[in-house]
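Q: Structure in structure tokens, see below.
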Amino acid sequence: MRRSSGTPGTGAARRMVRVPRPTLAAALTAGPVVLDGGLSTELEARGSDVSTALWSARLLRDDPAAVVAAHAAFAAAGAQVVTTASYQASVEGFGTAFGLDRAGALRLVARSVELAREGAPDAWVAGSVGPYGAALADGSEYTGAYVDDLTVRDLREFHRPRMEALAGAGADVLACETVPAAREAEALLVEADDLGVPVWLSLTTVRDAAGLARTRRGELAADVLAMAADLDVVLAVGVNCTDPAGVPAGVAAAATSGRPVVAYPNSGEGWDATARRWTGTPGVDPAAVPGWLAAGARLVGGCCRVGPADVRAIAAVLGRA
């Protein structure tokens, strides 16, 4: 239930007083929480065209009902947190695609929170803040090469409008996700701290020869996530859009920060940005989830190509189905 209050009636009859819903931060301290799966790929599976540079963000204007239905499907599968269709949204992207000015673009970003609430009224809403590379729509969030040409200040200025719009629309937390490099992680953390909005920071990682999790730019994930250790606005840190086999290494790295850990891998397939198709073999094994929990994960779900059926299986393992 969303937060609400009851008012005592007159005479013998009284209205039931509803207990306020706990914050997501409180829920994470109490036990595991189920996150949704890959919203954009679920929309694609349902027949939506997500092939443009905006990915699923196009549907915020062109087919909001489809977005609501996808959120509802994840909630029905047991997701306690749903993530908005704003991963690839930006002022610049909406300006180019739709001819919107800054104010119009930010209203559309805020709309993503409203649609998530409509589709999953009993869930916490995470405002998706994808990396700078996502807005380039060239797959560069999986290399992080763009950070070499940008300063922390540049990255903060890019992310700030969307973060403000999502927070202003009432998102319970901002999901700073699929972050490929330390410089962008720093920018997002500093910006969140200045804005005073709750966030989780999630890196996209690979394993090195020693089995340690590293960012796509080669930095040790544990070193990057350590930047979040002393920031009160950080609800969780972890990994996403990584191969399921790499989750234990990512969770271990995140756990060293002392923060609750978030883990939501992709299906195991990889995105070929040139051919614009998924390659490899899909498969998220729910039997692996207890191991993630034992390593410290508290917020668990899926990313690209992880659908409601997968989330239902994860929820069953967590006892949330």
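Residue numbers (this note's numbering): 1219 to 1539.
Glycine residues also receive a C-beta, built at the ideal position from the N, C-alpha and C atoms.
Looking only at C-alpha atoms, which of D1319, R1279 and G1345 sits nearest to V1299?
A: Here the closest residue by C-alpha is G1345.
Q: Please state whether DSSP places V1451 in a helix, a strand or coil.
A: The answer is coil: DSSP assigns V1451 none of H, G, I, E or B.
Q: Would you mind sorting R1495 into buried or exposed? The rule is 16 or more other CB atoms within 10 Å of its CB.
A: The residue is exposed, with fewer than 16 neighbouring Cβ atoms inside 10 Å.
Q: In the DSSP assignment, what residue or residues form a beta bridge with N1458?
A: N1458 is bridged to Y1482.
Q: Can you list, in chain order, the residues of its chain with a C-beta nearer than 7 Å to that of E1296? Leave out the 5 residues immediately preceding and following it.
A: According to the sequence as given, residue 1296 is Gly; it is not Glu. So the list reads V1252, V1529, R1530, A1533, R1538 and A1539, once near-sequence residues are dropped.
Q: I'd like to know if the region 1366-1383 and the region 1332-1343 are in contact, where contact means that at least 3 CB-CB pairs between them fall below 8 Å.
A: No contact exists between the region 1366-1383 and the region 1332-1343.
Q: Taking P1379 as the reference, which of L1430, E1336, L1326 and D1390 has the closest Cα?
A: Residue L1326 is the option with its Cα nearest to P1379.
Q: In three-state DSSP terms, what is L1272?
A: L1272: coil per DSSP, three-state reduction.
Q: Where does S1420 fall in DSSP's three states?
A: Reduced to three states, the DSSP call for S1420 is strand.
Q: What are the boundary residues of the beta strand (DSSP E) that includes V1524?
A: V1524 -> no beta strand (DSSP E), and no H or E assigned at all.
Q: From the DSSP output, which residues share a beta bridge with G1488?
A: Paired residues: T1497.
Q: Within its chain, find whatever has a CB closer than 7 Å to the CB of L1277; leave out the 5 residues flanking it on each side and keep chain order.
A: Here the set comprises L1261, S1266, A1284, V1285 and A1303.
Q: When the Cα of W1273 is compared with those of A1353, P1250 and P1416, which residue comes out closest?
A: Comparing Cα positions, the closest option is A1353.
Q: I need the straight-line Cα distance from S1258 to A1275, nearest angstrom please.
A: Straight-line Cα distance between these residues: approximately 9 Å.
Q: For G1476, which residues in the same chain have their Cβ closer than 7 Å to its Cβ, ignoring the five residues on either side in sequence?
A: Here the set comprises A1447.
Q: Starting from W1342, follow its DSSP beta bridges and name the residues at the other end.
A: Beta-bridge pairing links W1342 to V1299.
Q: Anyone know if the C-beta pair for D1254 and G1519 falls short of 8 Å?
A: Going by C-beta atoms, D1254 is nearer than 8 Å to G1519.
Q: Would you decide whether S1269 is buried or exposed? Buried here means 16 or more other CB atoms lie within 10 Å of its CB.
A: Exposed, by the Cβ-count rule.
Q: Would you give the residue range spanned by the beta strand (DSSP E) that L1517 belongs to?
A: Run containing L1517: A1515 to V1518, per the beta strand (DSSP E) assignment.
Q: Output the distance between the C-alpha atoms of A1473 and L1384, rounded to the nearest integer angstrom.
A: So the alpha carbons of these two residues sit roughly 27 Å apart.
Q: In chain order, which continuous runs of the alpha helix (DSSP H) of length 4 or greater are located wholly inside the region 1373-1450?
A: Listed in chain order, the complete alpha helix (DSSP H) runs (minimum 4 residues) inside the region 1373-1450 are 1400-1413 and 1439-1443.
Q: For V1251, which residues does DSSP report across the bridge?
A: Note: V1251 sits in a beta bridge opposite L1517.
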